[in-house]
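The structure appears right after this line, and notes come after that.
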Amino acid sequence: MSEDGARSEGSVTLPPKEYRRPREYNPCLDTILGRGSTSVIVRLRPHVALKYPRYQWWNQQDGQDKFVDGIKHSFKVEEEILGILGSHPRIIRFLGRSEEPKGLLFVEASQGSLQAYLDHHNSTVNLRLRIAWRFEAGEAVQYLHSKGVIHSDLRPENYLLNADNSLCLCDFGGSTSGAIDGGGLPDSGFFNPSNGWVSTVGIDMFSLGSVYYFIMTGHWPYKLPGSFASVAEKLEYEKKADTLFSEGKFPTVDDLAAGAIIHGCWRVIYKDVGTMLLEQDTLCKEVFTDVRKFSEV
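Okay, here's the thing in structure tokens:
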């Protein structure tokens with residue numbers, strides 16, 4: 000928290016509690032697919048999603064409002080990062096910028112986020128599909144790193160499910176690449192404070208371990224399944240997860256398929272994601288003869 004009472008969330012500085020928020024941006028689009036503190040995602044037309052800012056920046060000068068400046072910066076960073084990444088099957092397909100309504104256009108991932116899907120269907124997802132998701136989640140990060148990009152906010156909400164049950168990664172507003180700095184860091188449960196507060200390959204590797212844990216169990220590390228019941232519960236979880244991870248204490252993974260990979264990600268023992276995926280492939284072949292082919296849920 001800063002001296003003026005402002006709070007930070009990823010790359011965006013949230014305003015102090017007494018702050019009067021700027022004018023909201025509401026392009027009057029009905030089908031909301033997702034909503035965050037700084038953006039809203041809607042279906043603009045069949046198979047096309049629009050991510051637009053919750054607050055307007057185009058009617059004010061830079062520096063007039065730090066909160067709005069942060070939103071503007073995150074949209075700018077996301078567009079630049081998507082330009083670096085180009086087309087890849089594990090990255091959400093970017094269609095370009097929209098001037099009216101304002102925002103960024105994407106091909107819609109029809110089954111929503113991995114978080115929401117497992118919240119509702121965890122008991123019906125078979126092991127083969129979970130293993131396939133692990134490879135796809137890792138392949139997305141491997142591709143990012145090959146392009147010099149650190150995601151900095153890997154979590155189940157930022158992996159989306161396509162119609163064929165395959166995963167793609169989204170939300171690059173907090174990412175970094177060279178001089179491009181979104182200023183993001185992962186949420187508690189996907190971040191180890193003892194690893195430092197700077198975006199690195201290791202930061203993504205640790206987060207990937209927690210994403211894998213969620214894929215295999217249906218819940219975050221040290222958390223019961225489902226949403227937080229209150230802000231107090233969320234804050235309590237953040238404190239607990241940060242403390243345990245900082246002390247090098249991780250949930251048991253002994254009963255999970257290729258659980259050693261998850262533990263290895265948490266301990267950041269792999270030099271890169273490609274090395275981790277090769278080891279995961281070896282371990283998973285003990286369970287499946289072809290882990291890259293999966294059946295329908």
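Quick note, the sequence shown lines up with residues 0 to 296 if you use numbering that gives the first Met the number 0.
Cβ atoms here follow ideal geometry from the backbone N, Cα and C, with glycine treated the same way.
- Ranked by how close their Cα comes to the Cα of G182, the residues F171, G188 and S36 have F171 in first place.
- Fewer than three beta-carbon pairs drawn from the segment 127-141 and the segment 36-50 are found closer than 8 Å, and the two stretches are therefore not classed as touching.
- When DSSP states are grouped into helix, strand and coil, R53 belongs to the coil group.
- Closest in C-alpha terms to G217, from the list K284, L113 and K239, comes L113.
- In this structure S206 is buried. Its beta-carbon is surrounded by 16 or more other beta-carbon atoms within 10 angstroms.
- A131 sits in a helix when the DSSP states are folded into three classes.
- The three-state reading of DSSP puts Y158 in strand, counting E and B together.
- Judged by DSSP secondary structure, E107 falls outside any beta strand (DSSP E); it is assigned neither H nor E.
- Relative to Y158, the option among V148, S151, C169 and H150 whose CA is nearest is C169.
- A residue is called buried when at least 16 other Cβ atoms come within 10 angstroms of its Cβ; C27 does not meet this threshold and is exposed.
- For D152, same chain residues with a beta-carbon under 6 Å away, outside a window of 5 residues either side, are G173, G183 and P185 in chain order.
- Residue range I31 to R34 is occupied by the beta strand (DSSP E) that includes G33.
- A Cβ-Cβ distance of about 5 Å is found for the pair V267 and G201, placing them in contact under the 8 Å criterion.
- The bridge partners DSSP lists for L103 are K50 and R96.
- For L184, the secondary structure class from DSSP, reduced to helix, strand or coil, is coil.
- If you look at I80, you'll find it isn't in any beta strand (DSSP E); it sits in the alpha helix (DSSP H) that goes K65 to L84.
- Residue range V200 to T216 is occupied by the alpha helix (DSSP H) that includes V200.
- Taking 8 Å as the upper bound for CB-CB distance, I179 and I80 are in contact here, some 7 Å apart.
- E107 sits close to R42, with the two beta carbons spaced by under 8 Å.
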